Amino acid sequence: MQGYHGRFLEVDLNTKTTTDFPLSEDFCKDYIGGATMAAALVFDRVKAGTDPLAPENAMVMATGPFTGTSLPMVSRYAIGGLSPLTGFWGEATSGGVFPFRLKGAGWDGIIITGKAASPVYLYLNNGQAEIRDAGHLWGKDSYETQKLIKEERGNDKAGVACIGPAGENLIRYACVINDRGRAAGRCGFGALMGSKNLKAVVAAGNTRPESADAGKVSELAKQAVKDIKGNLVSVALSEYGTLMYMDMGMVLGDTPAKYFTSNVFPVSEVTGQALRQNYTVANYACRGCPIGCGRELKNFKPDLDIDGPEYETTVGFGPLCLNTDFDTIIEANHICNCHGIDTISAGVSVAYAFYLYEQGVLTKDQVGIELNWGDGRAVVALVEKIVGQEGIGVLLSKGVLAMARELGRDEGEAAQVKGLEMPMHEGRAFHGLAVSYATGPRGACHLKGPYYDVDLGNMVLEYMILPSDRLVSAGKGEPAAKFQSFKDLFDALTLCKFAPLQVPQLCDMLNALTGWNFGPEELLAAGDRSINIKRAVSNRFGLTRDHDILPKICLDALDEGTTAGVAPDMEVMLREYYQYRGWDWATGRPTRDKLVELGLNQVAEDFYPQ
Ligand code: SF4
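The numbering of the sequence shown is the numbering used here, which starts it at 601 and goes up by one.
Below you can see the structure in the form of structure tokens.
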């Protein structure tokens, strides 16, 4: 097989054994790689009723056919499994150098089950796998852990993906950190690693699969770099990072403020420009990326360089809490990175605490401090309470759905979908995004169907996904479903979502690497299959159509800003979406016919035994 090593590493931490799991070419064609392949492996292995933190839950780390090649923007990997935060299918991706090293270690990915008797880390190097003691690393933060492991291995180039103390303490939205501050942030995989006593996965080596047509790959890579450099959004990302969107987002009503009850905020104080003006900023690029959207702040404090913050983080600790103090946003972000928690879930949980305080539901006695909107020091204090598992921090560390339930509040007040906190784009500003959020394979996800891209002019002609009035719902369900499938493929291939590449280019790249003959139709079918296998995992754990909703707080029309008075019509879009997907309106499951059409025969057999 070309483009793949053709094998995963199976790691059983109960017995501390490792074995190779061979991949067939048909399996690779069906599930491509990354998060999609992870979902297929999880569907086969994880039985209904499994607790996400039980040793039986499988955690898959997977690369794709693009990872580790000369193509640009492809040093990415995905983690998949049952989410400790949501209890449904979960996935997270990250860039940096680690994904390049993971593929270079000699496997397409790893499947980890069981629980080690004491802390360990996994070391992979050019086809050799070892499980090593990590007792001396337990309790260390994510930066220190990466540094110590590299020193211990005598290899500064090794890739390290690790957890901080939050993962060890099973905080439900703990994340996995690599390359200093890059995060596979969402769905709580840091807790899953912690539950397995697995402190880190370390990858080294330079074992590469052969490409079917290396000359063509190189030609396509050169053209792609040209296209990326010539793209205006790429230029803006390079200049200001993801924060380049901040002021445009606010103008469009796409950037939420005051815990999703507003979209008006003095945004100029927390833009990419403001960051550049007030701090010493350097760019960070994932391996092989000509953009470099990552930020590093030099000497934030004496002798302390700090990562980020990204757009999502800045909004969560900034506008969402009405906080304009950039120092405190950066500080909150750094605490999250050190301890290893997802900044989106943390930001939304912190903002919910401010909201509840204003409503009189939380009091100063319960919180330990006053929570007045805009108080940046209070934002930092709450984040410290979360990672320190102190006082109110314990409740906030469970996420907003658990917070609403424990406090006896209406669940419509919890800004989440399927238990995953809302990201920092507004379904009210782009109705196609609202239906993408409601149906996202891991819950509220701005990366699977970022429909603002479409309505801002980035059409996908091959699938007739065309820009239209962003505040109209009718007619959005089908293109949103197709766009979700298309973007889902990026996490299978694996390719950065910011890569401004076209469908024919992606087909050519895949074919040149593998020798296959994918056209646009086969590519979309692979995306549809991907969404459905992930859906099947969640259906097995109780997901129904009732979960395909947006919470009231993110749906009710606002009375100010450029979206004032307009709310998405979810029923109209969901019916169109279900129609395209071939999902059953009563149960929320893919129909038998749809599963068979997509070649998901095992799922069809499980769901509809004959
Ligand atoms: S655009 Fe940013 S996230 Fe994407 S590959 Fe480049 S540096 Fe990494």
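Each residue gets a CB set at the ideal place from its N, CA and C atoms; glycine is no exception. Since the model is a prediction, treat every value here as computed from it, not as a measurement.
Margin query: At the level of alpha carbons, what is the spacing between Cys889 and Thr1094?
Written below: Locating residue 889 in the sequence shown gives position 289, where the first residue counts as 1. Locating residue 1094 in the sequence shown gives position 494, where the first residue counts as 1. Looking at the two C-alpha atoms, the distance is approximately 13 Å.
Q. With which residues is Leu1066 paired in a DSSP beta bridge?
A. Taking the first residue of the sequence shown as position 1, residue 1066 is located at position 466. Note: Leu1066 sits in no beta bridge, so no partner.
Worksheet item: Can Gly894 be considered in contact with the ligand SF4, in the sense that its beta carbon sits closer than 7 Å to one or more heavy atoms?
Response: Translated into positions along the sequence shown, residue 894 becomes position 294. At least one heavy atom of the ligand SF4 is nearer than 7 Å to the Cβ of Gly894, so yes.
query: With respect to 7 Å, is the separation between the Cβ of Ala885 and the closest non-hydrogen atom of the ligand SF4 below this value?
result: Within the sequence shown, residue 885 is the residue found at index 285, counting from 1. It does: the Cβ of Ala885 is within 7 Å (strictly closer) of some heavy atom of the ligand SF4.
For this session: Report the three-state DSSP secondary structure of Thr745 (helix, strand or coil).
Result: Along the sequence shown, read from residue 1 onward, the residue named residue 745 stands at position 145. If DSSP states are grouped into helix, strand and coil, Thr745 belongs with the helices.
Taking the Cβ atom as the reference point for each residue, do Ser834 and Asp847 lie within a distance shorter than 8 Å? Here residue 834 refers to the residue found at position 234 when the sequence shown is read from its first residue. Here residue 847 refers to the residue found at position 247 when the sequence shown is read from its first residue. Against a cut-off of 8 Å, the Cβ pair of Asp847 and Ser834 comes out as no contact.
- Message: Would Gly1043 and Thr686 qualify as a contact pair, given that the criterion is a beta-carbon distance under 8 Å?
- Response: Numbered from its first residue, the sequence shown carries residue 1043 at position 443. Numbered from its first residue, the sequence shown carries residue 686 at position 86. Yes, Cβ-Cβ distance for Gly1043 and Thr686 is below 8 Å.
Counting beta carbon pairs with one atom in the region 944 to 951 and one in the region 892 to 905, are three or more of them shorter than 8 Å? no
Requested in this report: Tell me where the alpha helix (DSSP H) around Met1003 begins and ends.
Outcome: Position 403 of the sequence shown, counted from the start, is the residue given in the question as residue 1003. Start and end: 1000 to 1006.
- Task: Taking all protein chains shown into account, decide if Val870 is buried (16 or more other Cβ within 10 angstroms of its Cβ) or exposed.
- Result: The residue you call residue 870 lines up with position 270 of the sequence shown. With 16 or more other Cβ atoms within 10 Å, it is buried.
Worksheet item: Which residue comes first and which comes last in the alpha helix (DSSP H) that contains Leu847?
Response: Here residue 847 refers to the residue found at position 247 of the sequence shown. Sequence inspection shows Asp at residue 847; the Leu mentioned does not correspond to that position. 846 to 851 is the span of the alpha helix (DSSP H), which, as asked, contains Asp847.
Margin query: Looking at the ligand SF4, does it come within less than 7 Å of Ile891, judged from the CB to the closest heavy atom?
Written below: As a position in the sequence shown, residue 891 is number 291, starting the count at 1. It does: the Cβ of Ile891 is within 7 Å (strictly closer) of some heavy atom of the ligand SF4.
**Prompt:** Can you give the Cα-Cα distance for Ala978 and Gln1084, rounded to whole angstroms?
**Reply:** Position 378 of the sequence shown, counting from 1, holds the residue named residue 978. Position 484 of the sequence shown, counting from 1, holds the residue named residue 1084. When rounded, the distance between both Cα atoms is 37 Å.
(Q) Going by DSSP, what residue range makes up the alpha helix (DSSP H) through Gln873? (A) As a working note, residue 873 is residue 273 in the sequence shown. Counting along the chain, the alpha helix (DSSP H) containing Gln873 begins and ends at 872 to 878.
Check your understanding: Less than 7 Å between the CB of Leu837 and some heavy atom of the ligand SF4, yes or no?
Key -> As a working note, residue 837 is residue 237 in the sequence shown. Checking the Cβ of Leu837 against the ligand SF4 gives yes.
Q) Taking just the CA atoms, how far does Trp973 sit from Arg607? A) For this step, residue 607 is matched to residue 7 along the sequence shown. For this step, residue 973 is matched to residue 373 along the sequence shown. Distance between the alpha carbons of Arg607 and Trp973: 52 Å.
Can you tell me whether Cys1096 sits near the ligand SF4, meaning its C-beta is under 7 Å from at least one heavy atom of the ligand? In the sequence shown, residue 1096 corresponds to position 496, counting from 1. Yes - the ligand SF4 has a heavy atom lying nearer than 7 Å to the Cβ of Cys1096.
Open item on the list: Are the CB atoms of Thr1191 and Gly1199 within a distance shorter than 8 Å?
Closed with: The residue you call residue 1199 lines up with position 599 of the sequence shown. The residue you call residue 1191 lines up with position 591 of the sequence shown. It is not a contact, given that the beta carbons lie outside the stated cut-off.
On the CB-based measure, 16 or more other CB atoms within 10 Å of its CB, does Gln746 come out buried or exposed?
Working through the sequence shown from its first residue, we reach residue 746 at position 146. That one is buried.
Next item on the list: From the DSSP output, in three-state form, read off Phe1090 for me.
Entry: Taking the sequence shown and counting its residues from 1, the one referred to as residue 1090 is at position 490. DSSP places Phe1090 in helix when its eight states are reduced to three.
- Go ahead and pull the three-state DSSP assignment for Ile941. On the sequence shown, position 341 is the one that residue 941 refers to. Three-state result, Ile941: strand.
- Message: Helix, strand or coil for Gln1102? Go by DSSP, reduced to three states.
- Response: By 1-based counting over the sequence shown, the position of residue 1102 is 502. Gln1102 falls in the coil class under three-state DSSP.
ask   = What does a CB cutoff of less than 6 Å around Lys858 pick up in its chain, not counting 5 residues either side in sequence?
value = Here residue 858 refers to the residue found at position 258 when the sequence shown is read from its first residue. Excluding sequence neighbours, Lys858 sits near Leu922.
What is the DSSP secondary structure of Arg786, reduced to helix, strand or coil?
Your numbering for residue 786 matches position 186 in the sequence shown. Reduced to three states, the DSSP call for Arg786 is helix.
Pull up the CB-CB distance for Thr615 and Pro655, whole angstroms please, since I reckon it's below 8 Å.
The sequence position of residue 615 within the sequence shown is 15, counting from 1. The sequence position of residue 655 within the sequence shown is 55, counting from 1. So it is not a contact: roughly 11 Å between Cβ atoms.
For this session: Would you tell me roughly how many angstroms separate the C-alpha atoms of Ile1149 and Thr1039, rounded to the nearest one?
Result: Along the sequence shown, read from residue 1 onward, the residue named residue 1149 stands at position 549. Along the sequence shown, read from residue 1 onward, the residue named residue 1039 stands at position 439. If I take the Cα positions, the gap works out to 8 Å.
Legend entry - Boundaries of the alpha helix (DSSP H) in which Leu971 is found, first to last residue: Within the sequence shown, the letter at position 371 stands for residue 971. Here Leu971 belongs to no alpha helix (DSSP H), and DSSP marks it neither H nor E.
(request) Would you tell me roughly how many angstroms separate the C-alpha atoms of Cys936 and Thr943, rounded to the nearest one? (result) Taking the first residue of the sequence shown as position 1, residue 936 is located at position 336. Taking the first residue of the sequence shown as position 1, residue 943 is located at position 343. Roughly 6 Å separates the two Cα atoms.
Please state if the CB of Phe700 and the CB of Gly668 are separated by a distance shorter than 8 Å. Here the question's residue 668 lines up with position 68 in the sequence shown. Here the question's residue 700 lines up with position 100 in the sequence shown. Yes, the pair counts as a contact, with Cβ atoms nearer than the cut-off.
Three-state class that DSSP yields for Phe1141 in the structure shown: For the purposes of this step, residue 1141 is taken as the residue at position 541 of the sequence shown. Looking at Phe1141 - three-state DSSP - the assignment turns out to be coil, as it is neither helix nor strand.
message = Considering only heavy atoms of the ligand SF4, does any lie closer than 7 Å to the CB of Met844?
response = Counting from one through the sequence shown, the residue named residue 844 turns up at place 244. Checking the Cβ of Met844 against the ligand SF4 gives no.
* Asked: Just to check, is the beta-carbon of Gly695 closer than 7 Å to a non-hydrogen atom of the ligand SF4?
  -> For the purposes of this step, residue 695 is identified with residue 95 of the sequence shown, where counting begins at 1. Yes, the Cβ of Gly695 comes within 7 Å of a heavy atom of the ligand SF4.
What does a CB cutoff of less than 8 Å around Gln1016 pick up in its chain, not counting 5 residues either side in sequence?
-> Residue 1016 sits at position 416 when you count from the first residue of the sequence shown. Taken in chain order, the residues that qualify are Val948, Gly999, Val1000, Leu1001, Met1022, Gly1043, Ala1044, Pro1151.
Where does Gly913 fall in DSSP's three states? Here residue 913 is taken as the residue at index 313 of the sequence shown, counted from 1. Reading the sequence as shown, one finds Thr at residue 913 and not Gly. In the structure shown, Thr913 sits in a helix (DSSP, three-state: H, G or I).
State the beta-bridge partners of Thr618 as determined by DSSP. Here the question's residue 618 lines up with position 18 in the sequence shown. BP columns for Thr618 point to Val611.
- What whole-angstrom Cβ distance do Ala635 and Ala678 have, given they're in contact under 8 Å? The sequence position of residue 635 within the sequence shown is 35, counting from 1. The sequence position of residue 678 within the sequence shown is 78, counting from 1. The pair is a contact, with the Cβ atoms about 4 Å apart (cut-off 8 Å).
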